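**Student:** Just dropping this structure here.
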């Protein structure tokens, strides 16, 4: 199971990468994409939307289930991965890079203290 | 006759013991004695033969030989013998929900063909495999528009079937939907009213073509104005009329619904009927209900499956697009067979025959002094006349002569007590129409 070292993680299996203290990119983890199976559709919000930490921000449909995706941090959505509309399978193929979901202008970088580090997420997965 | 509950006295005693109550009556202690029936007044059991005789006696009270000139959303069309003959095959008749495509190809393909025919008829991209009936389909379309737009104001045209209007209002009693009701002017949807109501809170404009008074409209301008405001247009249609009318797709409608009873289903004393729905490709994930889709199996052979199931309750739970996770398969298959049987040319011919016959009756009725045929707008196979007296009385008199004269508009529209809405299908003969005209002449004396 792939986990990226400097990313932060949620219990709902989202990852977030804080770029420069102001923007962050989020997606779902390798564990999440593998549990969901082949992803067939991603419903993303529109840019400009303000979102609270742990608020519902997207949903991902796979052949097995439809799952809500929650934002790891608060902020304003500045970009969505438009490529997922025609190629949702990018999440299965490359969940930490090409399969990213949303780019945020974050309102409080300190919110990361309520997220898990890569090590903590690894132990969390082992406990499941 | 034996009771159909097969538990013996011993079974009952054992079950009561397990749950820890003394008697069956103890299971109902929460229902206060005043609310319990003293008895069900059921007669003692009788033989099958006696039951049949008793039911026949009740059935004989039905009027089975009246000539139907009444429509109001449900029409007396001919059902070709091939339709029930094919639809009643056990493979269709007893089939369950096709969750297992490996053993449901026949049902799935038939539903796929039904959907394809409905799309061709409406000129829209995608259809679901049916909803309960026209009225509930319209309600589902309204909710769908609210989901898509994130808005809750609905502009409801007065020409929409009043029975459907009632359904919309009763279903939304506890929902946050705000209705803005508009009028019908000379048989057409009031542009003035609709455009006045259209704003950036509007989820959808709901119209009907032909409308309840039978008149035909072209809603293209309403679609354009609604889209400018980010609102959708929902059109309820009479499928037979689409054989000759400008289609909702051509008008740029967003969601189309309709009652499919006229597509090879009998009037059936009110049901089961068939609701259909079509929409644009971009909205398919917001569309309720089941969709049969075409795909290929692992050998690359064409096959069919239920598709887009992730919108549905059994996967999405409370986030499902609607509580509708089902369809009326047998009715849809029947309609699919009907459309395939007629084909493109046959369907058009059927529509033309309906329209021509209605025009013939209009001509006859116009010659009756005191009867005014409304001609401010073109009509399909249903039209409105104004009589010199209360329509309800006329209808009452004519039913005794073997004619269901039409739909008394006053039943739903205040001030229209003298208006009668008359439908003519391909089944009505020239002789029947001439007789109708004579009987109406007498009835208004």
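Residue numbers (the numbering used here), protein chains in the order written: chain A, 1 to 128; chain B, 1 to 445.
Every residue, glycine too, gets a C-beta built ideally from N, C-alpha and C.
Here the structure is a predicted model, which means the values were calculated and not measured.
Excluding sequence positions up to five away, which residues of its chain have a Cβ less than 7 Å from the Cβ of residue 242 of chain B?
**Tutor:** Correct list, in chain order: 121 and 122.
**Student:** Do you know whose CA, among B/392, B/399, B/366 and B/398, lies nearest residue 383 of chain B's CA?
**Tutor:** The residue with the shortest Cα to Cα distance from residue 383 of chain B is B/366.
**Student:** Quick one: is residue 52 of chain B buried, meaning 16 or more other Cβ sit within 10 Å of its Cβ, or exposed?
**Tutor:** Classification for residue 52 of chain B: exposed.
**Student:** Is the beta carbon of residue 399 of chain B within less than 7 Å of some heavy atom of the ligand ATP?
**Tutor:** In terms of ligand content, the structure shown is empty, and the ligand ATP therefore cannot be addressed.
**Student:** Between the region 47 to 74 of chain A and chain B, which residues of the former have a C-beta closer than 9 Å to a C-beta of the latter?
**Tutor:** Taking 9 Å as the Cβ-Cβ cut-off against chain B, the residues of the region 47 to 74 of chain A that qualify are 59, 61, 62, 63, 64, 65, 66 and 68.
**Student:** Taking CB distances under 8 Å as the criterion, tell me whether residue 443 of chain B reaches chain A.
**Tutor:** False, the Cβ-Cβ gap to chain A never drops below 8 Å.
**Student:** Return no unless some Cβ of chain B is closer than 8 Å to the Cβ of residue 41 of chain A.
**Tutor:** Chain B contact via Cβ: present.
**Student:** If the cut is a Cβ gap below 7 Å, which residues of chain A does residue 316 of chain B touch?
**Tutor:** By Cβ distance, chain A contributes 66.
**Student:** For chain A, check one thing: does any of its Cβ atoms lie closer than 8 Å to the Cβ of residue 310 of chain B?
**Tutor:** True, the Cβ-Cβ gap to chain A drops below 8 Å.
**Student:** Could you give the distance in angstroms between the alpha-carbon of residue 256 of chain B and the alpha-carbon of residue 287 of chain B?
**Tutor:** When rounded, the distance between both Cα atoms is 11 Å.
**Student:** Tell me, which residues are paired with residue 423 of chain B by DSSP?
**Tutor:** Answer is B/382, bridged to residue 423 of chain B.
**Student:** Which value, in whole angstroms, describes the spacing of the CA atoms of residue 46 of chain A and residue 130 of chain B?
**Tutor:** For residue 46 of chain A and residue 130 of chain B, the distance between alpha carbons rounds to 32 Å.
**Student:** Can you tell me whether DSSP reads residue 178 of chain B as helix, strand or coil?
**Tutor:** If DSSP states are grouped into helix, strand and coil, residue 178 of chain B belongs with the strands.
**Student:** Helix or strand or just coil, what does DSSP make of residue 56 of chain A?
**Tutor:** In this structure, residue 56 of chain A counts as strand in the three-state DSSP scheme.
**Student:** Should the region 25 to 33 of chain A be regarded as contacting the region 10 to 17 of chain B, the criterion being three or more beta carbon pairs within less than 8 Å?
**Tutor:** They do not touch, by the three-pair rule.
**Student:** I need the straight-line Cα distance from residue 10 of chain B to residue 29 of chain B, nearest angstrom please.
**Tutor:** Whole-angstrom Cα-Cα distance: 22 Å.
**Student:** Is residue 298 of chain B close to chain A? Criterion is C-beta to C-beta, closer than 8 Å.
**Tutor:** Taking Cβ atoms only, chain A never reaches closer than 8 Å to residue 298 of chain B, which makes this a no.
**Student:** Of the choices B/194, B/369, B/263 and B/445, whose alpha-carbon is the least far from that of residue 83 of chain B?
**Tutor:** Nearest C-alpha to residue 83 of chain B: B/263.
**Student:** Kindly provide the ranges of any beta strand (DSSP E) runs that are 3 or more residues long and lie completely inside the region 309 to 388 of chain B, ordered along the chain.
**Tutor:** DSSP runs (the beta strand (DSSP E)) wholly in the region 309 to 388 of chain B: 382 to 386.
**Student:** Roughly how many angstroms separate the alpha carbons of residue 353 of chain B and residue 145 of chain B, rounded to a whole number?
**Tutor:** Roughly 35 Å separates the two Cα atoms.
**Student:** Output the boundary residues of the alpha helix (DSSP H) element that contains residue 208 of chain B.
**Tutor:** Here residue 208 of chain B belongs to no alpha helix (DSSP H); instead the beta strand (DSSP E) covers 202 to 209.
**Student:** Rounding to the nearest angstrom, what Cα-Cα distance links residue 418 of chain B and residue 408 of chain B in this structure?
**Tutor:** Using only the alpha carbons, I get a separation of about 8 Å.
**Student:** Pick helix, strand or coil for residue 114 of chain B, following the three-state DSSP scheme.
**Tutor:** Helix, per DSSP.
**Student:** With a 10 Å radius around its C-beta and 16 neighbouring C-beta atoms as the bar for buried, classify residue 219 of chain B as buried or exposed.
**Tutor:** Residue 219 of chain B comes out buried.
**Student:** Less than 7 Å between C-beta atoms, sequence neighbours within five positions excluded: which residues of the same chain meet that for residue 376 of chain B?
**Tutor:** Here the set comprises 186 and 187.
**Student:** Please list the residues of the region 270 to 300 of chain B that have a C-beta atom closer than 8 Å to any C-beta atom in chain A, keeping them in chain order.
**Tutor:** Listed by position, the residues of the region 270 to 300 of chain B near chain A (Cβ gap below 8 Å) are 285.
**Student:** Are the Cβ atoms of residue 304 of chain B and residue 108 of chain B separated by less than 8 Å?
**Tutor:** In contact: residue 304 of chain B and residue 108 of chain B (Cβ atoms closer than 8 Å).
**Student:** Could you tell me the distance, in whole angstroms, from the CA atom of residue 39 of chain A to the CA atom of residue 308 of chain B?
**Tutor:** Cα-Cα distance, rounded: 12 Å.
**Student:** Among the residues of its own chain, which have a CB less than 8 Å from the CB of residue 388 of chain B, if the five just before and after it don't count?
**Tutor:** Excluding sequence neighbours, residue 388 of chain B sits near 370, 371, 418 and 444.
**Student:** Measure the Cβ-Cβ separation of residue 112 of chain B and residue 332 of chain B and say whether it is below 8 Å.
**Tutor:** It is not a contact, given that the beta carbons lie outside the stated cut-off.
**Student:** Does the CB of residue 400 of chain B have a neighbour CB from chain A at under 8 Å?
**Tutor:** Taking Cβ atoms only, chain A never reaches closer than 8 Å to residue 400 of chain B, which makes this a no.
**Student:** Below 9 Å on C-beta distance, what does residue 319 of chain B contact in chain A?
**Tutor:** Correct list: 59, 66 and 68.
**Student:** For the alpha helix (DSSP H) that contains residue 35 of chain A, what are its first and last residues?
**Tutor:** Note, residue 35 of chain A: alpha helix (DSSP H), 30 to 36.
**Student:** Can you tell me which residues form a DSSP beta bridge with residue 268 of chain B?
**Tutor:** In DSSP, residue 268 of chain B forms no bridge with anything.
**Student:** Check whether the Cβ atoms of residue 503 of chain B and residue 135 of chain B lie closer than 8 Å to each other.
**Tutor:** The structure shown does not extend to residue 503 of chain B, since chain B is modelled only from 1 through 445, so no value can be given for it.
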